[in-house]
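In this note's numbering, the protein residues as written are 11 to 168.
Think of the CB as a built atom: it goes at the ideal place given N, C-alpha and C, for glycine as much as any other residue.
In this text, all values refer to a predicted model and were calculated from it rather than measured experimentally.
Input: a single structure, listed below in C-alpha coordinates.
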(Lines of atoms letter the chains of each structure in order from A; the text may use other names.)
(Lines give C-alpha, C1' and ligand atoms only; values in the text may rest on other atoms or scores of the structure.)
Protein backbone atom coordinates (compact mmCIF):
# COMPACT_ATOMS: atom_id res chain seq x y z
CA UNK A 11 0.00 0.00 0.00
CA UNK A 12 1.50 3.32 -1.03
CA UNK A 13 0.37 6.26 1.11
CA UNK A 14 1.10 9.84 0.07
CA UNK A 15 1.41 12.73 2.46
CA UNK A 16 2.26 16.31 1.56
CA UNK A 17 2.28 18.65 4.57
CA UNK A 18 2.61 22.27 3.49
CA UNK A 19 5.00 23.07 6.30
CA UNK A 20 6.24 20.17 8.44
CA UNK A 21 7.86 22.68 10.81
CA UNK A 22 4.72 24.78 11.17
CA UNK A 23 2.47 24.89 14.18
CA UNK A 24 -0.84 25.75 12.60
CA UNK A 25 -3.13 24.48 9.88
CA UNK A 26 -0.28 24.12 7.38
CA UNK A 27 1.44 21.53 9.58
CA UNK A 28 -1.37 19.11 8.68
CA UNK A 29 -0.78 16.90 11.73
CA UNK A 30 2.83 16.20 10.73
CA UNK A 31 4.04 15.62 14.29
CA UNK A 32 1.52 12.79 14.67
CA UNK A 33 1.37 11.35 11.14
CA UNK A 34 5.07 11.25 10.25
CA UNK A 35 6.29 9.12 13.19
CA UNK A 36 3.45 6.61 12.77
CA UNK A 37 4.02 6.20 9.05
CA UNK A 38 7.79 5.90 9.51
CA UNK A 39 7.23 2.93 11.85
CA UNK A 40 5.32 1.11 9.11
CA UNK A 41 8.33 1.32 6.80
CA UNK A 42 10.04 -1.36 8.83
CA UNK A 43 7.07 -3.73 8.43
CA UNK A 44 7.23 -3.59 4.62
CA UNK A 45 3.44 -3.41 4.57
CA UNK A 46 3.34 0.22 3.56
CA UNK A 47 5.32 2.54 1.32
CA UNK A 48 5.31 6.04 2.78
CA UNK A 49 5.57 8.70 0.09
CA UNK A 50 6.36 11.90 1.98
CA UNK A 51 6.08 14.81 -0.44
CA UNK A 52 7.88 17.91 0.79
CA UNK A 53 9.76 20.76 -0.88
CA UNK A 54 9.04 19.83 -4.49
CA UNK A 55 7.51 21.86 -7.32
CA UNK A 56 3.78 21.31 -7.73
CA UNK A 57 4.08 19.32 -10.97
CA UNK A 58 6.45 16.87 -9.26
CA UNK A 59 4.11 16.60 -6.26
CA UNK A 60 1.26 15.68 -8.59
CA UNK A 61 3.31 12.95 -10.29
CA UNK A 62 4.19 11.45 -6.90
CA UNK A 63 0.57 11.62 -5.74
CA UNK A 64 -0.59 9.78 -8.87
CA UNK A 65 1.48 6.76 -7.80
CA UNK A 66 -0.28 6.48 -4.42
CA UNK A 67 -3.07 4.13 -3.39
CA UNK A 68 -4.17 6.48 -0.61
CA UNK A 69 -3.45 10.01 0.50
CA UNK A 70 -3.50 11.88 3.77
CA UNK A 71 -4.66 15.46 3.95
CA UNK A 72 -4.71 16.12 7.70
CA UNK A 73 -6.21 14.51 10.77
CA UNK A 74 -6.62 17.31 13.30
CA UNK A 75 -8.28 20.55 12.15
CA UNK A 76 -11.66 19.23 11.01
CA UNK A 77 -11.24 20.70 7.55
CA UNK A 78 -9.60 19.83 4.25
CA UNK A 79 -7.03 21.42 1.98
CA UNK A 80 -6.02 21.36 -1.66
CA UNK A 81 -4.26 18.01 -1.09
CA UNK A 82 -7.65 16.39 -0.53
CA UNK A 83 -9.07 17.72 -3.76
CA UNK A 84 -5.98 16.62 -5.68
CA UNK A 85 -6.07 13.06 -4.32
CA UNK A 86 -9.83 12.72 -4.71
CA UNK A 87 -9.82 14.04 -8.29
CA UNK A 88 -7.16 11.46 -9.22
CA UNK A 89 -9.31 8.65 -7.85
CA UNK A 90 -7.13 8.13 -4.81
CA UNK A 91 -8.71 7.43 -1.43
CA UNK A 92 -8.04 10.35 0.89
CA UNK A 93 -8.00 10.56 4.68
CA UNK A 94 -9.02 13.75 6.44
CA UNK A 95 -10.65 14.84 9.66
CA UNK A 96 -13.89 16.36 8.44
CA UNK A 97 -15.82 17.87 11.35
CA UNK A 98 -19.59 18.42 11.47
CA UNK A 99 -19.41 22.06 10.29
CA UNK A 100 -17.22 21.22 7.30
CA UNK A 101 -19.39 18.22 6.45
CA UNK A 102 -22.56 20.32 6.53
CA UNK A 103 -20.94 23.13 4.51
CA UNK A 104 -19.67 20.81 1.78
CA UNK A 105 -22.99 18.98 1.59
CA UNK A 106 -24.87 22.30 1.38
CA UNK A 107 -22.50 23.58 -1.30
CA UNK A 108 -22.52 20.46 -3.45
CA UNK A 109 -25.91 18.92 -2.74
CA UNK A 110 -24.17 15.61 -2.01
CA UNK A 111 -25.66 13.24 0.57
CA UNK A 112 -22.27 11.66 1.35
CA UNK A 113 -18.69 12.87 1.32
CA UNK A 114 -15.80 11.02 -0.34
CA UNK A 115 -13.20 11.27 2.43
CA UNK A 116 -12.13 8.49 4.72
CA UNK A 117 -12.83 10.31 7.96
CA UNK A 118 -9.80 10.00 10.19
CA UNK A 119 -8.94 11.78 13.42
CA UNK A 120 -5.80 11.93 15.52
CA UNK A 121 -7.30 9.20 17.68
CA UNK A 122 -8.25 6.90 14.78
CA UNK A 123 -5.36 7.49 12.39
CA UNK A 124 -3.28 4.40 13.24
CA UNK A 125 -6.33 2.12 13.24
CA UNK A 126 -7.39 3.55 9.86
CA UNK A 127 -3.97 2.78 8.39
CA UNK A 128 -4.06 -0.75 9.83
CA UNK A 129 -7.49 -1.33 8.27
CA UNK A 130 -6.30 -0.02 4.91
CA UNK A 131 -3.29 -2.34 4.95
CA UNK A 132 -5.53 -5.36 5.69
CA UNK A 133 -8.22 -4.43 3.18
CA UNK A 134 -6.60 -2.85 0.16
CA UNK A 135 -9.59 -3.58 -2.02
CA UNK A 136 -11.69 -1.15 0.05
CA UNK A 137 -8.99 1.48 -0.47
CA UNK A 138 -9.20 1.04 -4.24
CA UNK A 139 -13.01 1.14 -4.10
CA UNK A 140 -12.87 4.36 -2.05
CA UNK A 141 -10.58 5.84 -4.71
CA UNK A 142 -12.98 4.94 -7.49
CA UNK A 143 -15.88 6.43 -5.54
CA UNK A 144 -13.81 9.55 -4.86
CA UNK A 145 -13.24 10.21 -8.55
CA UNK A 146 -16.92 9.67 -9.33
CA UNK A 147 -17.89 12.03 -6.49
CA UNK A 148 -15.55 14.73 -7.77
CA UNK A 149 -16.92 14.41 -11.32
CA UNK A 150 -20.49 14.60 -10.08
CA UNK A 151 -20.28 17.21 -7.31
CA UNK A 152 -17.03 19.18 -7.60
CA UNK A 153 -16.88 20.10 -11.26
CA UNK A 154 -16.87 23.78 -12.28
CA UNK A 155 -20.37 23.82 -13.78
CA UNK A 156 -22.00 22.23 -10.73
CA UNK A 157 -20.10 24.41 -8.26
CA UNK A 158 -20.88 27.60 -10.18
CA UNK A 159 -24.57 26.72 -10.29
CA UNK A 160 -24.58 26.16 -6.52
CA UNK A 161 -22.84 29.49 -5.95
CA UNK A 162 -25.29 31.30 -8.23
CA UNK A 163 -28.24 29.79 -6.33
CA UNK A 164 -26.70 30.82 -3.03
CA UNK A 165 -26.15 34.35 -4.34
CA UNK A 166 -29.73 34.58 -5.61
CA UNK A 167 -31.02 33.69 -2.14
CA UNK A 168 -29.24 36.69 -0.59
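Using a Cβ-Cβ distance cut-off of 8 Å, the region 104 to 116 and the region 144 to 159 are in contact, since at least three pairs of beta carbons, one from each stretch, lie closer than that value. The beta carbon of residue 69 is closer than 6 Å to those of 14, 85, 90, 92 in its chain, skipping five residues each way along the sequence. Secondary structure at residue 78: coil, using DSSP grouped into helix, strand and coil. Rounded to whole angstroms, residue 58 and residue 161 show a C-alpha spacing of 32 Å. The three-state secondary structure of residue 44, taken from DSSP, is coil.
For residue 78, the number of other beta carbons within 10 angstroms of its own is at least 16, and it is reported as buried.
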